Amino acid sequence: MFPFNRSSPRILWLTIPILGVFTARGAAAGVSLDITNAESIKSAASQIAFDLVTFYTGNNTGDTPGNLPDPYYWWEAGAFFGALVNYWSYTGDSIYNDITKQAMIHQAGKKGDFMPENQTYTEGNDDQCFWALSAMIAAERNFPAPTSPTPGWLAMVQAVFNEQAHRWDTSACGGGLRWQIYTWNSGYLYRNSIANGCFFDIASRLARYTGNDTYAKWATKAWDWTHMIGLIGTQYEIFDGVTDVDNCTSHDHNRWSYNAGVWLHGASVMYNYTTEQGSEISSAWRERTDSLLKATSHFFPEDDIMFEPNCEASGKCNVDQLSFKAYLSRWLAEVTQYAPYTYDTIMARLRSTAVAAVAQCLGGDTGTFCGHKWSIGDYDGTTGVGQQMGVLEVLQGLLAADVGGALTSSTGGESKGDSAAGTGDSETKAELPVMHIDNGDRAGAAIVTSLFVGFVAWAVYGMVS
Ligand SMILES: *[C@@H]1O[C@H](CO)[C@@H](O)[C@H](O)[C@H]1NC(C)=O
Ligand SMILES: *[C@@H]1O[C@H](CO)[C@@H](O)[C@H](O)[C@H]1NC(C)=O
Ligand SMILES: *[C@@H]1O[C@H](CO)[C@@H](O)[C@H](O)[C@H]1NC(C)=O
Ligand SMILES: *[C@@H]1O[C@H](CO)[C@@H](O)[C@H](O)[C@H]1NC(C)=O
Ligand SMILES: *[C@@H]1O[C@H](CO)[C@@H](O)[C@H](O)[C@H]1NC(C)=O
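The sequence shown lines up with residues -28 to -1, 1 to 437 when you count with mature numbering (1 follows the signal peptide of the UniProt record, and there is no 0).
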């Protein structure tokens, strides 16, 4: 049953602390780690989190809370704060809670829906949803709550959910969420696994947290469509996307680790929710969870070390892609909580990955910054938010058995919700008029787009003044 129960010869070196690497300056470099010891894991995580936070500038005077500097896109900043909420939840270290809370509240904006004016006209469904994922962790872990009148973490996720459910688009392809929210953004015609997978994930978590089955129906609808359209393959591979241009009949077959992770995560939440409800369909969700878990083997091609096959070996991962292993790591660790029977299988892989990942954190002035190529046995010479966040998530995930699972409103979760958030006129009408572009001519679309942006700017200006 378990897809990867190879008994591992690496168990020997898993327990060897990584110590005593010296730089030319003579200072001890590297991050010391003994994965059999929770305190050692926490101490290594504290170093890696510290280095991660050095990339953040949003709490400097004159900067905007929640933004990472170029070249990081806004969505990655959302993921970054999720990693910090997780860091607090796994280690108990609250040192970054203030900057995290400030950033999430600021970027949630007045309506609490992660559509801040500065991003509104460029953000996609997945961008918005990545911030919602961080708010969801905050709700599930009782992260210190915003004070009224700021909406609670739960209400923020509900706002994003409601807006995205409203965007479900049956004008082609039989349904699905588009990648982009606005017609003028390139990628509007694309319907992809990450936008639909993230929606699926927040819907399943809202169902579990609130007990409101409407969310579970949406999660099922998102699953059914994505499966029907062929983005979930026969071996439960998750392919990247399809396009309106041919009514979603040809597929971008690229497989990325975060797509595999988000669908697995959401399926495990549905398994958990339906099992706890005593529902008959829980066995279907268990089978899906198992099959998706098996399919993640693609991202562990050698030595049980996580790998991004499309770009890692060539060193050509772009800034976004450099962060994908962080999410697969984060989600795998949580799957061990939602579906505890997967623990041994998943943890074996997270352990070997964490050891390899931490061992190559030899970069930067301190000799502790991490690179991206976890399996080569050496530091690859790069630093960045994606690299750093990936190592942090895989490392802290080792503590999954030591902290309780995600809370719900009936097991102590205190986050304040609002099931009607995101359904007002200003949220839904802000997205109109929606143009439907019938052919794939992006150049033509771009010209129409710039005219349209002008029109919208003019209209918004009119509304404001
Ligand atoms: C920003 O936050 C970091 C991490 O908590 C802290 O070290 C730094 O002093 C803060 N900077 C400002 C200007 O508050
Ligand atoms: C939007 O940008 C302005 C100007 O840079 C900044 O003052 C404001 O805080 C930003 N708002 C958000 C939510 O990012
Ligand atoms: C487009 O695809 C959907 C989903 O597969 C299908 O139901 C619909 O009939 C297709 N429309 C056309 C015009 O082929
Ligand atoms: C559901 O998740 C909770 C929290 O992680 C866990 O305690 C519980 O055992 C899970 N339920 C099932 C049926 O696995
Ligand atoms: C359940 O969620 C749906 C969708 O947001 C909402 O319309 C409905 O009012 C909720 N039901 C309850 C009892 O909160």
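In this text, a Cβ means the ideal position worked out from N, Cα and C, and glycines have one as well.
Remember, predicted model here, so these are calculated numbers, not experimental data.
| Item | Value |
| --- | --- |
| Reduced DSSP category for I277 - H, G, I as helix; E, B as strand; rest coil | strand |
| Beta-carbon separation (whole angstroms), E280 vs N114, contact threshold 8 Å | Contact flag wrong, Cβ pair sits at about 33 Å. |
| Check whether A131 and T63 have beta carbons under 7 Å apart | no |
| Assigned secondary structure, R113 (DSSP; H/G/I helix, E/B strand, else coil) | coil |
| Which of helix, strand or coil DSSP assigns to R139 | helix |
| Three-way DSSP call (helix, strand, coil) for Q207 in this model | coil |
| Neighbour-count burial assignment, H138, 16 or more Cβ in a 10 Å radius | exposed |
| Cβ separation of L300 and T261, assumed to be a contact under 8 Å, to the nearest whole Å | The pair is not a contact, with the Cβ atoms about 15 Å apart (cut-off 8 Å). |
| Alpha-carbon to alpha-carbon, T186 and C342 | 42 Å |
| Ligand 2 heavy atom lying under 6 Å from the CB of T36 | yes |
| Heavy atom of ligand 3 within 6 Å of C145 beta-carbon | yes |
| Own chain residues within Cβ distance below 7 Å of W103, not counting five before or after | G50, Q79, F86 |
| Which listed residue (S222, N226, S106, A144) has its alpha carbon closest to that of D173 | S106 |
| Under the three-state DSSP convention, the category H223 falls into | strand |
| Reduced DSSP category for T340 - H, G, I as helix; E, B as strand; rest coil | coil |
| Straight-line gap, T246 to Y310 (C-alpha atoms, nearest Å) | 11 Å |
| Y245 CB to nearest heavy atom of ligand 4 below 6 Å | no |
| Heavy atom of ligand 4 within 6 Å of G377 beta-carbon | yes |
| Residues that DSSP places opposite V214 in a beta bridge | R163, H223 |
| Buried or exposed by the 16-neighbour rule on C-beta atoms within 10 Å, applied to A326 | buried |
| CB contact flag (K297, G356, <7 Å) | no |
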